[in-house]
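Chemist: Counting from 1, one number per residue, gives the positions in the sequence shown under my numbering.
Quick one: structure below, then a few questions.
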Amino acid sequence: MRQYLLSYYSTYVRNWRVLGAIWVLSALSTNETPPFSAVLQFLVLIHPSWIGNDEGGYIGLYNYCSSIECPWNVFQIRTVTAAFELSALLVLLATILSSLAVFSILLLVLLRDRYVFLLCSWLHLFSFLSMLAGCLIFPSGWDHARVREICDSKRYNLGLCQLRWPYFLAFILVVDQMTLSMLGFALTYKRPPKLSDFQNITGVVLIISQSCCLQTKRERR
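Okay, structure coming up:
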């Protein structure tokens with residue numbers, strides 16, 4: 001039975017390490033240096049066209065244009081309504097938290113993996129909540145006069161405009177952050193014990209099982 005338990009422990013540790021490696025690679029998702037998910041979140045934040053019409057007008061989190069001739073200036077801030085401002089702040093917060101989670105993985109060199117997984121999981125969780133709140137609050141500003149001028153819209157009704165790809169990408173990133181958070185918490189609380197602790201546990205289990213077998217044999221006699 002001891003051999004069976006040690007084999008189970010070895011398999012459990014191997015699977016845990018594989019999932020941990022997958023989690024780290026998914027959190028980094030790097031082609032070269034910058035974290036891919038953080039880059040996508042930053043792109044969602046600065047892109048000026050979350051919604052737009054067929055005539056060239058568009059509206060983003062902190063910028064808008066009512067014609068096709070508007071140049072795209074990342075550093076130009078022209079807010080429309082408080083709902084868009086709040087959405088922009090929440091998406092910015094989600095981007096910062098996601099970036100901190102990625103850089104916190106470097107702490108694996110200094111700290112135990114349990115603490116690093118726990119820290120990164122909380123950061124991903126708050127990033128997920130911030131991004132989700134930003135996506136849900138954004139449609140509440142569609143009834144503003146400037147938005148109605150471009151889209152002929154109402155609250156939660158776009159009218160002549162359509163949702164553009166940055167808004168859909170934002171929801172994909174919501175799912176991404178939620179998945180990373182859940183997997184990180186699972187790795188934290190399902191971390192295998194040390195081999196010495198496991199051997200102590202198995203020793204107690206073997207003693208109990210042997211005593212139960214002896215008691216059963218005595219009762220049969």
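Quick reminder that beta carbons are idealized off the backbone N, C-alpha and C, glycines included.
These figures come from a predicted structure and were not determined experimentally.
1. Would you report the Cα separation of Trp122 and Gln76, rounded to the nearest angstrom?
2. Which of the three DSSP states, helix, strand or coil, is assigned to Gly141?
3. Closer than 6 Å: is that where the CB of Leu136 sits relative to any heavy atom of the ligand MN?
4. Straight-line CA distance for Arg114 to Tyr58?
5. As a quick exercise: from Ala38, Ser130, Tyr62, Glu55, pick the residue whose alpha carbon is nearest that of His47.
6. Can you check the stretch 54 to 107 for any beta strand (DSSP E) of at least 3 residues that lies completely inside it and give the ranges in chain order?
7. Pick from Leu107, Gly56, Arg155: whose alpha carbon is nearest that of Thr81?
8. Leaving out five residues before and five after Ser87 in sequence, what residues of the same chain have Cβ atoms less than 6 Å from its Cβ?
9. Taking the alpha carbon of Met178 as the point to measure from, which residue in Ser130, Phe168, Cys161 has its own alpha carbon closest?
10. So the alpha helix (DSSP H) Pro166 belongs to, where does it begin and stop?
11. Relative to the alpha-carbon of Val91, which residue among Phe126, Leu110, Trp72, Cys70 has its alpha-carbon at the smallest distance?
12. Between Arg78 and Pro71, what straight-line distance do the alpha-carbon atoms span, to the nearest angstrom?
13. Between which residues of its own chain and Asn31 is the CB-CB distance below 8 Å, once the five residues before and five after are set aside?
14. Out of curiosity, what's the CA-to-CA distance linking Asp54 and His124?
15. Applying the 10 Å Cβ sphere with the 16-neighbour rule, what's the burial state of Asp152?
16. Which residue from Ala83, Arg112, Trp50 puts its Cα closest to that of Gly141?
17. Please classify Pro34: does DSSP put it in a helix, a strand, or coil?
18. Please list, in chain order, all residues of the same chain as Glu149 whose beta carbon is under 8 Å from its beta carbon, the five residues on each side excluded.
19. Express the C-alpha separation of Leu158 and Leu40 in angstroms, rounding to a whole number.
20. Closest to Ser99 by CA distance: which of Tyr189, Tyr167, Ala38 is it?
Modeler: Reading from the atomic positions:
1. In this structure, the CA atom of Trp122 is about 33 Å from the CA atom of Gln76.
2. helix
3. This structure simply doesn't include the ligand MN, nor any ligand for that matter.
4. 45 Å
5. Out of Ala38, Ser130, Tyr62, Glu55, the CA that lies nearest to the CA of His47 is found in Tyr62.
6. The qualifying runs do not exist here; there are none.
7. Arg155
8. Setting aside the 5 residues that flank it on each side, Ser87 is surrounded in the same chain by Leu61, Gly134, Ile137, Phe138, each with a C-beta closer than 6 Å to its C-beta; the list follows chain order.
9. Ser130
10. 165 to 189
11. Phe126
12. 13 Å
13. Unreliable placement is indicated for Asn31, whose pLDDT of 37 sits below 50; the coordinate value is still reported in the next sentence. Cβ contact annotation for Asn31 (same chain, cutoff 8 Å, sequence separation greater than five): none.
14. Rounded to the nearest whole angstrom, the C-alpha separation of Asp54 and His124 is 36 Å.
15. exposed
16. Ala83
17. With a pLDDT of 49 at Pro34, under the threshold of 50, the predicted position of this residue should be treated as unreliable, though the coordinate-derived value follows. Coil at Pro34, not helix or strand.
18. Result list for Glu149: Ser66, in chain order.
19. 25 Å
20. In terms of Cα proximity to Ser99, the closest of Tyr189, Tyr167, Ala38 is Ala38.
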